[in-house]
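Engineer: Using our numbering, read the sequence shown as starting at 459 and increasing by one per residue.
Pasting a structure here, questions to come.
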Amino acid sequence: MSIVKVIEVLATSDKSFDEATRNAVKEASKSVKNIKSIYVKEMHANVTDNNIVSFAVNAKISFEIES
459 MSIVKVIEVL
469 ATSDKSFDEA
479 TRNAVKEASK
489 SVKNIKSIYV
499 KEMHANVTDN
509 NIVSFAVNAK
519 ISFEIES
């Protein structure tokens with residue numbers, strides 16, 4: 459039997475949504491092991507002077523609990 463837990467994280471990037479998603483996994487992996495998937499729940503960008511200055515994702519990361 460395996461148990462999967464889910465945490466919700468916020469991550470940003472100044473380059474892209476893709477990089478923000480990768481940053482979410484990278485940072486979560488520092489304290490969580492056995493990451494199995496990431497579900498991007500929301501995406502948004504901050505704009506200054508009509509230019510996107512940062513990208514952000516709100517994501518759910520699933521990981522398996524070791525028994």
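Quick reminder that beta carbons are idealized off the backbone N, C-alpha and C, glycines included.
Computed from a predicted structure; not experimentally measured.
Can you give me the Cβ contacts of residue 493 inside the same chain, cut-off strictly under 8 Å, excluding the 5 residues immediately before and after it?
Structural biologist: 483, 486, 487, 519, 520 and 521
Engineer: Measuring straight from C-alpha to C-alpha, what distance separates residue 501 and residue 459?
Structural biologist: Between the alpha carbons of residue 501 and residue 459 lies a gap of roughly 34 Å.
Engineer: Which first and last residues belong to the beta strand (DSSP E) in which residue 504 is found?
Structural biologist: 493 to 506
Engineer: Over the uninterrupted beta strand (DSSP E) stretch that includes residue 463, give me the two end residues.
Structural biologist: 461 to 471
Engineer: Which residues does DSSP list as the beta-bridge partners of residue 475?
Structural biologist: The partner list for residue 475 (beta bridge, DSSP) is empty, contrary to what the question assumes.
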